[in-house]
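Protein chains in written order, with the numbering used here: chain U, 215 to 389; chain C, 1123 to 1374; chain V, 232 to 601.
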């Protein structure tokens, strides 16, 4: 089983990112579950979503304690949240950032998802859409296949820019 | 404080955001609970003021029975209703305070019914004091709260509370939108002391020279796509309310 | 197109396919998504239903009772405080023999406000005459709603049915969902004795001591018949749609020395614990109780029993533990865990089994490690 924890802020689409990721994994022929963790906070507060991907049926509902991968959609949550908590030895980090980032001891991938979204003017209520481009980055890293990402995105969004930003993120993500 | 937005941002155990004692109570029970506290303090001769702080859902809908009962019995308390015109805490479902034509998660096509006139319902209970206020006019609100607390018996303050995620606008426009509600005449600021009605200055000005309601509606995503007929109905509703208030206004 | 859905969305979709005449509901976290989705279906024309946005849960059930006694198919959804507020009327719905179907998203009771999973809300409805079932996956939530309407409206039952799902843990998790074409699996509603001005009858009026008890017996009689109707319905569902459900979901119980009994998602998490225990040489099994009313006859012969109660009856004990003690006349190790959304992992469940003390009660997080 592969466990991914996604960190974002309320209103940025972290929950949808989890949903898209799980859907793409289903299209790859795997099992997948996605779950946001709701605390008492609402908009703007840090939000965590969990995705589990496995060949076998997934029976675990409790929170992911030792993720294989951590995805950070909003760099600023690092100030208040221990984003690396429990990350397995040899685990990987993906961060939405225009700069090269490193987290000691973990392979880190950084792609400027915000920049990609802004280039395509994919902005809703003042926030750039991050949940579709991040799928492209995760496909490049090998979590899900690029084809399944496109299928999942097109199954949810009619605006073709969403599939495009995923493709751009795929291209820009350096392994 | 019943269930609602404020109960949520009160914070989570073991901390509280408020420096006054807050009794949390079931959604529909606020005014009844207040009756109990007030009754005890009265018997004990205590001067502690009892204030209910509830949203529109907890007041106009599920809390209506308890509030009517408390007012009818002349309970000594202040009831403040902060009105963001929907069930905000659960994700913006319609309440009876939702205005005609507004989109909510349970009225995706726009609410077919008009806004329930809770102020008229309260007025029918003949309380010593009632008022309307708006978050964009804080000084007016403070003055009305202070005045309400000078009365014995039930008083009611109905505060319009613009809500960025619920009304679908960008947060920095909150003050502007509250002001437009008043300036367009959609929300009328007034107070009633022992039945004597005084319309507050911003609303007097708005009645003389209202800003077109379209300016107020167009800033809010919840009114996007509202059809012309509905806007006409809204205008008629407002005009009717103004006629009613002006006719009852106590002339100097 | 592979579909993924939350528990709430799956229920809303099943309800859409069942085509209720009236849906009367009031918002409460974590149920709101069910009602919003149904409102969307109605507004978008995908469901021809009267949606009544009532002013409280007491009114929601009262409205369902009205619609049902007028001959309509009805549905509502609620949680915790809402279910409590409905309690006078849930009693009424069962007493009036009306096949209302409800989705209850299990949530802990206030005070203090707690929006996370706990079963006490529905457990407190156990005496009302409602049929009660607990689901543990999104797929099961969808399938069980379909079955619930057929069971409720069956002429040998005519009792309301409550489908329970864990708040947030199941209501908000996204899992794969296969929808079906129900066809005539749920026949058109045809209730006897609905309001008819041509044949005027009074419903539920004053009933004296010489007669009242007979009505109570009739409810129980139907509750007993419901067992057979549930079995038949689940068989028919399996035949048509290929998924099999029982009164329990048993995992590795046949040769088990010790069985863990629980309700809802804990029952799936328990299966992971079972596998870990088995690899340690402990022959454990998981029996996830689905139907709680009517309470089924469980086969626990020769097995040690660990019961996890996500509920409590103060001054008495965990309700499931006591139910099994009295129905099966076996001692149990009673674990009280998961209250207010308390996190319970497969490791914790395995510990409950490893450290079991038959006959005792263990409050997870309160009592010291056993």
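Even glycine gets a Cβ: it sits at the ideal position worked out from N, Cα and C.
Excluding the 5 residues preceding and the 5 following residue i in the sequence, name in chain order all residues of the same chain whose CB lies nearer than 8 Å to its CB.
i	result
residue 1364 of chain C	1307, 1310 and 1329
residue 1341 of chain C	1291, 1295, 1298, 1299 and 1302
State the Cα-Cα distance for the pair residue i and residue j, rounded to the nearest angstrom.
i	j	result
residue 1240 of chain C	residue 351 of chain U	53 Å
residue 217 of chain U	residue 1169 of chain C	58 Å
residue 328 of chain U	residue 250 of chain U	22 Å
residue 346 of chain U	residue 1231 of chain C	28 Å
residue 561 of chain V	residue 548 of chain V	15 Å
residue 1260 of chain C	residue 1194 of chain C	29 Å
residue 431 of chain V	residue 324 of chain V	20 Å
residue 1211 of chain C	residue 1176 of chain C	12 Å
residue 422 of chain V	residue 282 of chain V	21 Å
residue 369 of chain V	residue 1249 of chain C	51 Å
residue 1224 of chain C	residue 1350 of chain C	13 Å
If the cut is a Cβ gap below 9 Å, which residues of chain C does residue i touch?
i	result
residue 316 of chain V	1148, 1149, 1150 and 1184
residue 355 of chain V	Correct list: empty, because the minimum Cβ distance to chain C is about 15 Å.
Show which residues of chain U have a CB atom less than 7 Å away from the CB atom of residue i.
i	result
residue 555 of chain V	The contacting residues do not exist; residue 555 of chain V stays about 23 Å from chain U at best.
residue 595 of chain V	Here the premise fails: no neighbours, minimum Cβ distance about 13 Å.
residue 406 of chain V	247
Can you tell me whether residue i is buried or exposed, with buried defined as 16 or more other CB within 10 angstroms of its CB?
i	result
residue 325 of chain U	buried
residue 455 of chain V	exposed
residue 588 of chain V	exposed
residue 594 of chain V	exposed
residue 291 of chain U	buried
residue 1228 of chain C	buried
residue 288 of chain U	buried
residue 446 of chain V	exposed
residue 1155 of chain C	buried
residue 1338 of chain C	buried
residue 1166 of chain C	exposed
residue 609 of chain V	It is not possible to answer for residue 609 of chain V, since the shown part of chain V is limited to 232 through 601.
residue 1216 of chain C	buried
residue 1127 of chain C	buried
residue 1313 of chain C	buried
For a contact meaning CB atoms closer than 9 Å, what does residue i contact in chain V?
i	result
residue 274 of chain U	499, 500, 503, 576 and 577
residue 1215 of chain C	257, 258, 263, 266, 267, 270 and 284
residue 277 of chain U	574 and 576
residue 240 of chain U	233, 234, 235 and 407
Spatial neighbours of residue i within its chain, please: C-beta separation below 7 Å, excluding the five flanking residues on both sides.
i	result
residue 486 of chain V	514
residue 334 of chain U	375, 378 and 379
residue 368 of chain U	377
residue 1300 of chain C	1256, 1257, 1258, 1282 and 1284
residue 322 of chain V	359
residue 1361 of chain C	none
Give every residue of the same chain whose Cβ lies closer than 6 Å to the Cβ of residue i, excluding the five residues on either side of it in the sequence, and list them in chain order.
i	result
residue 285 of chain V	255, 257, 291 and 294
residue 286 of chain U	221, 297 and 309
residue 1206 of chain C	1283, 1285 and 1288
residue 311 of chain V	338, 340 and 352
residue 1372 of chain C	1318 and 1319
residue 1356 of chain C	1222
residue 550 of chain V	354, 542 and 544
residue 523 of chain V	363
residue 1315 of chain C	1251
Under 9 Å Cβ-Cβ, which residues of chain U neighbour residue i?
i	result
residue 399 of chain V	249, 250, 251 and 252
How would you list, in chain order, the residues of chain C whose beta-carbon sits under 8 Å from the beta-carbon of residue i?
i	result
residue 340 of chain U	1292
residue 343 of chain V	1135 and 1146
List the residues of chain C whose Cβ lies closer than 7 Å to the Cβ of residue i, in chain order.
i	result
residue 287 of chain V	1150, 1183 and 1184
residue 281 of chain V	Within chain C, no residue comes near residue 281 of chain V; the closest Cβ sits about 13 Å away, beyond 7 Å.
Under 7 Å between beta-carbons, which chain V residues line up against residue i? List them in chain order, please.
i	result
residue 1230 of chain C	270, 271 and 274
residue 233 of chain U	235 and 405
Using a Cβ-Cβ distance under 8 Å, would residue i count as near chain B?
i	result
residue 351 of chain V	Structure shown: chain B not included; protein chains present are U, C and V.
Whose Cβ in chain V lies nearer than 8 Å to the Cβ of residue i?
i	result
residue 1306 of chain C	What residue 1306 of chain C touches in chain V: nothing, since even the nearest Cβ is about 27 Å away.
residue 327 of chain U	Simply none; closest approach about 21 Å.
residue 1212 of chain C	258, 259, 260 and 263
Every unbroken beta strand (DSSP E) inside the stretch 229-265 of chain U [3 residues or more]:
245-251
If we require 4 or more residues per run, which alpha helix (DSSP H) segments fall completely within the stretch 488-519 of chain V?
Complete alpha helix (DSSP H) runs here, min 4: 497-510.
Alpha helix (DSSP H) runs contained entirely in the stretch 301-342 of chain U, provided each spans 4 or more residues
Here the runs fully enclosed are 327-333.
Continuous alpha helix (DSSP H) assignments of at least 4 residues falling wholly in the stretch 1267-1304 of chain C
List check, alpha helix (DSSP H) in window: 1286-1289.
Pick out the complete beta strand (DSSP E) segments inside the stretch 1153-1197 of chain C, 3 residues or longer, and give them in chain order.
DSSP assignment within the stretch 1153-1197 of chain C yields the following whole beta strand (DSSP E) runs of 3 residues or more, N-terminal first: 1173-1177.
In chain order, each alpha helix (DSSP H) run of at least 4 residues that lies wholly inside the stretch 1211-1249 of chain C:
1240-1245
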